[in-house]
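Here the sequence shown is numbered in this note's numbering, starting from 188 and rising by one per residue. By construction, the Cβ of each residue, glycine as well, lies at the ideal position given by its N, Cα and C atoms. What follows is a short report on a single structure.
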Amino acid sequence: MTVSSNGKKLLIIGGGSGVAQRLAADAAAEGASVVLAGRHPLKATSTQGGGEISTAQVDLGDEESIKALAAEVGQFDYLVSLAADHANGPLATLDRDAVLGAFDAKVIGPILLAKHLAPQIREGGAILLFSGVAAWRPAPGLAVMATTNGAVSFLAEALAVELAPIRVNALSPGIVDSGAWDRMGEDRDEFFSNVAASNPARRIGQPADISSAALLALTNPFITGTTLHVDGGGRVA
């Protein structure tokens, strides 16, 4: 059974990221109606391919904001949460509020999204949460990132049981050239080269790699309660 996002309505949280932008464009090209939501204002409504892309605002640290988004969006088919708020650094320097913000974005916020938005998901719909390779490859300074990403994977399993027959999965990307690493400046290219040399795929990821996997997880009617690793084998290298 082949299912596409054509004619579906897709809500993407964390819509300002490069991966979210690519997913929105790919889904719209298939004929989906996409709502990109983020904490900060996003680009104005546009149309790409066969579907429409509109924008909304939401703060995953504010339940009233999530309730307002639910009222604004109405019924829809697919929910994707890519939101992240990193609290990286050595344990001795971690700030409690930053840690709580990281959990709001990755764990508490998605729980509240499911609470308020799952009742509006149409038959055959799905939720996709974003984890990350740091959960399987922890490193010094990344304790919070590893923990929140790991929690996402377990949350997807729990929600898949509680919200059935709505399907719930997690996607765990590896290192992806999504624009997030540009802050490294001249060190970025060397970092990418080292990552590519060390993982089995011998390359880093591109937003298109993650988008295609996300659409698979959303549309395949027999995938639920699992974590899809799209990391070039980075977690086993």
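- For A321, same chain residues with a beta-carbon under 7 Å away, outside a window of 5 residues either side, are L329, M332, A333, N336 in chain order.
- For W323, the closest of L316, K302, S340, I397 by C-alpha to C-alpha distance is S340.
- DSSP places T242 inside the beta strand (DSSP E), whose first and last residues are 238–244.
- The residues A271, D272, H273, A274, V331, M332, T335, in chain order, have a CB closer than 8 Å to that of A289 in the same chain once the five nearest residues on each side in sequence are set aside.
- Considered as a whole, the segment 316–355 harbours no complete run of any beta strand (DSSP E) with no fewer than 3 residues.
- With 16 or more neighbouring CB atoms inside 10 Å of its own CB, G361 falls in the buried class.
- Annotation: the segment 201–281 contains the following complete segments of the alpha helix (DSSP H) (minimum length 4 residues), in chain order: 205–216, 250–260.
- Residue pairing from DSSP places H416 in a beta bridge opposite S359.
- In this structure, DSSP gives G288 a helical state, which the three-state scheme calls helix.
- In the DSSP assignment, G392 is bridged to V363.
- In the three-state scheme derived from DSSP, where H, G and I count as helix and E and B as strand, K293 is classed as helix.
- An exposed status is given to V348, since fewer than 16 other beta-carbon atoms sit within 10 Å of its beta-carbon.
- Note on N193: under 16 other CB atoms within 10 angstroms of its CB, so exposed under the neighbour-count rule.
- In this structure T406 does not touch V222 by the C-beta definition: roughly 17 Å separates them, more than the 8 Å allowed.
- Bounds of the alpha helix (DSSP H) holding V382 are 374–385.
- At a Cβ-Cβ threshold of 7 Å, P297 and L316 count as neighbours.
- In the displayed model, I298 falls within a helix according to three-state DSSP.
- Within the same chain, and ignoring the five residues on either side of P228 in sequence, the residues whose Cβ sits closer than 7 Å to its Cβ are Q244.
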